[in-house]
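Enquirer:
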Amino acid sequence: GLQCGIVGLPNVGKSTLFNCLSNAKAQSANFPFCTIEPNVGVITVPDERLIKLEELVQPQRVLPATVEIVDIAGLVKGASKGEGLGNKFLSNIRETDAIIHVLRCFDDDNVTHVDGSVDPVRDKEVIDMELQMKDLETIENRLQKSEKAAKASKDQDLKRLVEVLYLYKEVLESGKSARTVELTEAQQKVSKDLYLLTNKPVLYVCNVDEGSVVDGNGHVEAVKTAVADENAEVLVIAAQTEADIAELDSFEERQMFLEDIGLSESGVAKLIRSAYKLLELETYFTAGVKEVRAWTYPKGACAPQAAAVIHTDFEKGFIRAEVIKYDDYVHYKSELACKEAGKMNVEGKEYVVQDGDIMHFRFNV
Ligand code: GDP
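With UniProt numbering, the residue at position 247 of the sequence shown is 248, and numbering never jumps.
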């Protein structure tokens, strides 16, 4: 599955956040959570539509969509030079598909800061710089291999790759991330396999104290200003408070506590949805009496590709898909009623699946 990595300097609240993400109680009463490895969690994506479909269909079981989150601890200044197991952490990041960057935006004299003071913008720059240095190393290695070859060859793709490598090199050397470079389609094609760390989509989590969760604080403002041109989402979460809330036994108690601090839902639930979006994932549903289930597919997928998420045979033998829009399903209350009202569409191979579609695939075995 696709993975989001949590990064940040030590003591900014990464594990606290990871623990509340991985605490099933934090999001939902009945959705299971499991840990594959100590630092990898499979997290269910909260989705109200699934609860609504459960009400209507009354299935034997309900399976939500999931996303994997990895806690990448130990990133420090000098990591790109191998400091503090730096290379290991950086290669963990390389395996992720998107990055959740946690920034300490709370003041607390009891929690020491590795650099002595709370300054999330500086912290962000420290991490960014380590990732950029590592990317520069990757670029320089590739240039060494490709540049001579490109000069001696007529291969246009190779020449184009070298051109892209120089574009990245220039940007990285000026202290910016690879994701700020806009490539043409042809350039993208030749540079797919570079896997640059600073090219991964990112979202920022400002970890604040309880009192700043609604209106933010000066640290949050500074972060928002610093990342304004990055086109990245900035979420404000009180990780420690949410961890405390997650300890409460009943859903009602947790909801009351959240409302007390001014929230209608937990920041963690919002974060999971944002991570899902960051990975460019969408959800379609299958709804039968045995099982109502959310399936994750890459945004923009056609029906056969989306069907392959269930089973590869579904793609190979794809005949057609019967599609009901979620709103129609809720309005007419059953598949049969939708069909009678002419709200079930028969779609072919070219159909681009839409988020929320209720799908029924027909296929040859
Ligand atoms: P990590 O090193 O980034 O994984 O940081 P941890 O999650 O271990 O947190 C470091 C310390 O900061 C722990 O003692 C946490 O209890 C504390 N902490 C985390 N989030 C908050 C917060 O929002 N407010 C306060 N006051 N303390 C926090």
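C-beta: ideal position from N, C-alpha, C; glycine also.
In the DSSP assignment, find the alpha helix (DSSP H) that holds E292 and state where it starts and stops.
Expert: Reading the sequence shown from its first residue, position 291 is the one you call residue 292. No alpha helix (DSSP H) contains E292, which is instead part of the beta strand (DSSP E) from 292-299.
Enquirer: Count the other CB atoms, across all protein chains shown, that sit within 10 Å of the CB of L337; report buried if there are 16 or more and exposed otherwise.
Expert: To locate residue 337, count along the sequence shown from 1; it is residue 336. So L337 ends up on the exposed side.
Enquirer: I need the straight-line Cα distance from V191 to S178, nearest angstrom please.
Expert: As a position in the sequence shown, residue 191 is number 190, starting the count at 1. As a position in the sequence shown, residue 178 is number 177, starting the count at 1. So the two alpha carbons sit approximately 19 Å from each other.
Enquirer: State the DSSP-derived secondary structure class of T17, mapped to helix, strand or coil.
Expert: Taking the first residue of the sequence shown as 1, we reach residue 17 at position 16. Reduced to three states, the DSSP call for T17 is helix.
Enquirer: Express the C-alpha separation of F19 and N31 in angstroms, rounding to a whole number.
Expert: What you label residue 31 is simply residue 30 of the sequence shown in a count that begins at 1. What you label residue 19 is simply residue 18 of the sequence shown in a count that begins at 1. Any reading at N31 is ruled out, since the residue's pLDDT is 37, under 50, leaving its predicted position unreliable.
Enquirer: Identify whether L197 lies in helix, strand or coil by the three-state DSSP scheme.
Expert: In the sequence shown, residue 197 corresponds to position 196, counting from 1. If DSSP states are grouped into helix, strand and coil, L197 belongs with coil.
Enquirer: By Cβ distance below 6 Å, which residues in the same chain neighbour G163 in space, the five residues on each side in sequence not counted?
Expert: Residue mapping note: residue 163 aligns to position 162 of the sequence shown, counting from 1. The sequence given here places Val at residue 163; Gly does not occur at that position. Within the same chain, V163 has close Cβ partners S147, E148, A151.
Enquirer: Kindly indicate which residue of N232, V41, G301 has the alpha-carbon position closest to the one of D356.
Expert: Looking up residue 356 in the sequence shown gives position 355. Closest option to D356, Cα to Cα, is G301.
Enquirer: What first and last residue would you give for the beta strand (DSSP E) that runs through H361?
Expert: Counting from 1 along the sequence shown, the entry for residue 361 is found at position 360. Where H361 is concerned, the enclosing beta strand (DSSP E) stretches over 359-364.
Enquirer: Thinking just about the alpha-carbon of each residue, which of P11, C21, L10 is nearest to the one in L249?
Expert: As a working mapping, residue 249 is identified with position 248 in the sequence shown. When only C-alpha atoms are compared, the closest one is C21.
Enquirer: Does the distance between the C-beta of V214 and the nearest non-hydrogen atom of the ligand GDP fall short of 7 Å?
Expert: Here residue 214 is taken as the residue at index 213 of the sequence shown, counted from 1. No, the ligand GDP has no heavy atom inside 7 Å of this Cβ.
Enquirer: So that I know if they touch, is there some Cβ in chain D lying closer than 8 Å to that of E266?
Expert: Considering every chain present, this structure includes no chain D. It has just one protein chain.
Enquirer: Could you pull the start and end residues of the alpha helix (DSSP H) that A153 belongs to?
Expert: As a first step, residue 153 must be located in the sequence shown, where it is residue number 152. Per DSSP, A153 belongs to the alpha helix (DSSP H) from 121-153.
Enquirer: So what does DSSP say about L104, is it helix, strand or coil?
Expert: Position 103 of the sequence shown, counted from the first residue, corresponds to residue 104. In the structure shown, L104 sits in a strand (DSSP, three-state: E or B).
Enquirer: Can you list, in chain order, the residues of its chain whose CB lies under 7 Å from that of R180, leaving out five sequence neighbours each side?
Expert: One-based indexing of the sequence shown puts residue 180 at position 179. Within the same chain, R180 has close Cβ partners T199, N200.
Enquirer: Tell me whether P11, by its Cβ, gets closer than 7 Å to a heavy atom of the ligand GDP.
Expert: Counting from 1 along the sequence shown, the entry for residue 11 is found at position 10. Correct: P11 has its Cβ closer than 7 Å to the ligand GDP.
Enquirer: Whole angstroms are fine: how far does the CA of F315 sit from the CA of E56?
Expert: In the sequence shown, counting from the first residue as 1, residue 56 sits at position 55. In the sequence shown, counting from the first residue as 1, residue 315 sits at position 314. Each residue's Cα considered, the two are about 28 Å apart.
Enquirer: Nearest to V112 by alpha carbon, out of D210, K350, L280, Q188?
Expert: As a first step, residue 112 must be located in the sequence shown, where it is residue number 111. Of the listed residues, the one whose Cα sits closest to V112 is D210.
Enquirer: Taking 6 Å as the limit between beta carbons, can you name the residues of its chain near T242, skipping five residues before and five after?
Expert: Taking the first residue of the sequence shown as 1, we reach residue 242 at position 241. Answer for T242: E211, listed in chain order.
Enquirer: Could you tell me if F362 is buried or exposed, where buried requires 16 or more neighbouring beta carbons within 10 angstroms of its beta carbon?
Expert: Within the sequence shown, numbered from 1, the residue matching residue 362 stands at position 361. F362 comes out buried.
Enquirer: Restricting to Cα atoms, I'd like to know which of T313, V293, T297, G349 is closest to S335.
Expert: For the purposes of this step, residue 335 is taken as the residue at position 334 of the sequence shown. Nearest C-alpha to S335: V293.
Enquirer: Roughly how many angstroms lie between the CA atoms of I311 and E341, to the nearest whole one?
Expert: Position 310 of the sequence shown, counted from the first residue, corresponds to residue 311. Position 340 of the sequence shown, counted from the first residue, corresponds to residue 341. Going by the C-alpha atoms only, they are around 27 Å apart.
Enquirer: Indicate the three-state DSSP secondary structure (helix, strand or coil) for N208 in the structure shown.
Expert: Sequence index remark: in the sequence shown, residue 208 carries index 207 (1-based). If DSSP states are grouped into helix, strand and coil, N208 belongs with the strands.
Enquirer: Using alpha carbons as the reference points, say which of F252, A322, I262 lies closest to A239.
Expert: The residue labelled residue 239 in the question sits at position 238 within the sequence shown. That would be I262, whose Cα lies nearest to the Cα of A239.
Enquirer: Measuring from the CB of Q241, is there a heavy atom of the ligand GDP at a distance below 7 Å?
Expert: As a working note, residue 241 is residue 240 in the sequence shown. Indeed, a heavy atom of the ligand GDP lies less than 7 Å from the Cβ.
Enquirer: On the three-pair Cβ rule with 8 Å, is the region 274-291 touching the region 61-70?
Expert: Contact holds: three or more Cβ-Cβ distances are below 8 Å.
Enquirer: Can you tell me the Cβ-Cβ gap for A99 and P202, rounded? I've got them flagged as a contact below 8 Å.
Expert: To locate residue 99, count along the sequence shown from 1; it is residue 98. To locate residue 202, count along the sequence shown from 1; it is residue 201. A99 to P202, Cβ: 5 Å. Contact.
Enquirer: Would you say L144 and L173 are within 8 Å of each other, going by their C-beta atoms?
Expert: Looking up residue 144 in the sequence shown gives position 143. Looking up residue 173 in the sequence shown gives position 172. Against a cut-off of 8 Å, the Cβ pair of L173 and L144 comes out as no contact.
Enquirer: Identify whether L3 lies in helix, strand or coil by the three-state DSSP scheme.
Expert: Sequence index remark: in the sequence shown, residue 3 carries index 2 (1-based). In this structure, L3 counts as coil in the three-state DSSP scheme.
Enquirer: For N40, does the three-state DSSP call read helix, strand or coil?
Expert: Here residue 40 corresponds to residue number 39 of the sequence shown, with the count starting at 1. In the structure shown, N40 sits in coil (DSSP, three-state: anything other than H, G, I, E or B).
Enquirer: Would you say the region 214-232 touches the region 106-126, given that touching needs at least three Cβ pairs under 8 Å?
Expert: Yes, the region 214-232 is in contact with the region 106-126.
Enquirer: First and last residue of the alpha helix (DSSP H) that includes T113?
Expert: As a working mapping, residue 113 is identified with position 112 in the sequence shown. It is not in any alpha helix (DSSP H) - T113 carries neither H nor E in the DSSP assignment.
Enquirer: Go to residue 376, then tell me how far its alpha helix (DSSP H) extends in each direction, as first and last residue.
Expert: Because residue 376 is not part of the residues shown, which for the chain are 2 to 366, the question remains open.
Enquirer: Nearest-angstrom Cα distance between A276 and G117?
Expert: Looking up residue 276 in the sequence shown gives position 275. Looking up residue 117 in the sequence shown gives position 116. One C-alpha to the other measures close to 31 Å.
Enquirer: Let's see if you can read the secondary structure: which residues bound the alpha helix (DSSP H) around Y277?
Expert: Within the sequence shown, the letter at position 276 stands for residue 277. Taken as a continuous stretch (DSSP letters only), the alpha helix (DSSP H) holding Y277 covers 268-279.
Enquirer: When burial is assigned at 16 or more other CB atoms within 10 Å of the CB, is G42 buried or exposed?
Expert: Translated into positions along the sequence shown, residue 42 becomes position 41. Result: buried.
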